[in-house]
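So the sequence shown is numbered by my numbering: it starts at 34 and just counts up by one.
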Amino acid sequence: MMIPVRCFTCGNVIGEHWEEFKARAKEGEEDPSKVLDELGVDRHCCRRMMVSHTDLVDVVSPYQ
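Here it is in structure tokens:
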């Protein structure tokens with residue numbers, strides 16, 4: 034789950050693309066810019082948020 038769900042700058046909903054982006058790009062399998070193009074994330078501000086986001090849920094709550 035991506036928190037925040039919306040881009041801070043423009044307000045577009047970007048959280049819905051997070052899981053697929055993380056699975057494809059964060060593991061180093063694909064180029065992040067190509068993944069974002071395929072997901073339809075066009076705006077620079079939204080792309081920046083996706084690339085620079087870090088999931089803190091696993092860090093804060095390691096015991097599930």
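In this text, a Cβ means the ideal position worked out from N, Cα and C, and glycines have one as well.
query, result
"If you reduce the DSSP assignment to three classes, tell me which class V84 lands in.", "helix"
"Three or more beta-carbon pairs under 8 Å between the stretch 47-62 and the stretch 76-85, yes or no?", "yes"
"Which one or two residues does DSSP pair with V68 in a beta bridge?", "Beta-bridge pairing links V68 to no other residue."
"Can you give me the start and stop residues for the alpha helix (DSSP H) that F54 sits inside?", "51-54"
"According to DSSP, is R57 part of a helix, a strand, or is it coil?", "helix"
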